[in-house]
Amino acid sequence: MIEYSYTEFLGYRSIKHNPSGYSLDLDISEDSTIFGGPARFPHKIGPLDCFFRASSPNGGTPLIITGRDLNEHDQFLRDLCIDPSLQYVEIGAGLGEFTPSLVDRYNGSLEHKPIVIDPADYQVIRELLKYAIDFGFCDELNDKFREWIKRCDTILDPNKVTLVNLTLGDALSENTYLNGSSDVVIDHRGPLTYPSTETIHDEALGDDVIKQRVSNLEKRLAKPGGILLSDGLTKFRGA
Ligand SMILES: C[S@@+](CC[C@H](N)C(=O)[O-])C[C@H]1O[C@@H](n2cnc3c(N)ncnc32)[C@H](O)[C@@H]1O
């Protein structure tokens with residue numbers, strides 16, 4: 008049985024799952040004006056400040072796991088024309104809507120299951136969300152939790168998504184088939200925003216160098232002629 012604890016701090020309410028050596032917290036604030044609110048993040052994560060924090064599988068920087076709806080994604084993803092014959096891979100999908108909406112909208116007509124590369128523990132996240140629904144938060148939050156449970160179900164369904172439950176670097180080295188596998192490679196606030204989650208991270212190197220290294224790893228996923236769509240609309244066509 009999974010055990011949880013509950014704390015309140017500076018207007019944040021946290022539901023924690025802390026077995027030894029691993030932690031996963033759901034942090035919630037219904038007041039976006041409080042100190043420590045969304046301003047802590049480089050990017051808006053929706054009207055309710057609600058996200059997961061998990062200890063890193065590599066022992067490094069904790070993972071921040073958000074679940075933006077498609078209308079909270081950058082314009083280039085909202086406007087992306089989907090071609091069901093292409094292979095899509097999303098790195099750092101978290102609980103975001105992009106890949107689940109691809110499956111929902113094109114299920115049956117997608118020629119290739121989308122690939123998700125993310126080390127997030129979707130099983131525990133799903134259990135924690137079910138637990139959170141019984142907690143008596145406002146209806147808007149409970150609706151969000153139900154939607155996120157649906158997204159977890161999609162990502163965990165091997166008939167719908169190929170989940171590579173590792174960080175990008177580990178995914179590439181442990182699954183060589185991923186190299187050159189995809190037509191469209193997407194990173195929306197994933198490892199490019201959190202490059203210190205990669206083992207290639209080195210404090211001595213500047214941010215730009217680390218980001219370039221992560222970007223190079225992402226490019227390895229693209230087929231010749233494939234594209235990488237990442238934060239800041241970096242576009243790259245595989246050679
Ligand atoms: C801030 S969330 C973004 C989630 C979603 N794409 C969105 O826009 O709401 C960052 C996600 O990137 C994942 N992530 C962080 N570092 C990663 C890495 N090195 N490789 C793969 N995924 C990573 C985290 O687990 C988390 O799910």
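Going by the working numbering, the sequence shown opens with residue 8, and the numbers climb by one from there. By construction, the Cβ of each residue, glycine as well, lies at the ideal position given by its N, Cα and C atoms.
#1: With distances taken Cα to Cα, identify the nearest neighbour of glycine 277 among Ile71, Pro231, Phe152.
#2: Along the beta strand (DSSP E) that carries glycine 233, what are the first and last residues, could you check?
#3: From glycine 28 to valine 171, what does the alpha carbon distance come to, in whole angstroms?
#4: Count the other CB atoms within 10 Å of the CB of aspartate 160; is the residue buried (16 or more) or exposed (fewer)?
#5: Examine the Cβ distances between the segment 58 to 65 and the segment 124 to 138 and report whether three or more of them are shorter than 8 Å.
#6: So if I measure from each beta-carbon to every heavy atom of ligand 1 and keep distances below 6 Å, which residues remain?
#7: For the beta strand (DSSP E) containing glutamate 97, name the first residue and the last one.
#8: Compute the Euclidean distance between the alpha carbons of glycine 103 and lysine 157, then round it to the nearest angstrom.
#9: Using C-beta distances below 6 Å, list every residue in its chain close to glutamate 10, excluding the 5 sequence neighbours before and after it, in chain order.
#10: Do you know how far the Cα of leucine 175 is from the Cα of aspartate 214?
#11: On the DSSP bridge assignment, give the partners of cysteine 57 in chain order.
#12: Label tyrosine 95 either buried or exposed according to how many other C-beta atoms from any shown protein chain fall within 10 Å of its C-beta, with 16 as the threshold for buried.
#13: The beta strand (DSSP E) that contains isoleucine 193, what's its start and end?
#14: Could you compute how far the alpha carbon of aspartate 90 sits from the alpha carbon of threonine 14?
#15: Quick check: the Cα distance between glycine 197 and leucine 31, rounded to an integer number of angstroms?
Reading it off the structure:
#1: What is shown of the chain runs 8 to 246, which leaves residue 277 out entirely.
#2: 229 to 237
#3: 22 Å
#4: exposed
#5: yes
#6: Leu70, Ile71, Ile72, Thr73, Gly74, Arg75, Ile98, Gly99, Ala100, Gly101, Gly103, Ile124, Asp125, Pro126, Ala127, Thr174, Leu175, His195, Arg196, Gly197, Pro198, Tyr201, Thr204, Glu205
#7: 95 to 98
#8: 11 Å
#9: none
#10: 18 Å
#11: Ile35
#12: buried
#13: 189 to 194
#14: 45 Å
#15: 18 Å
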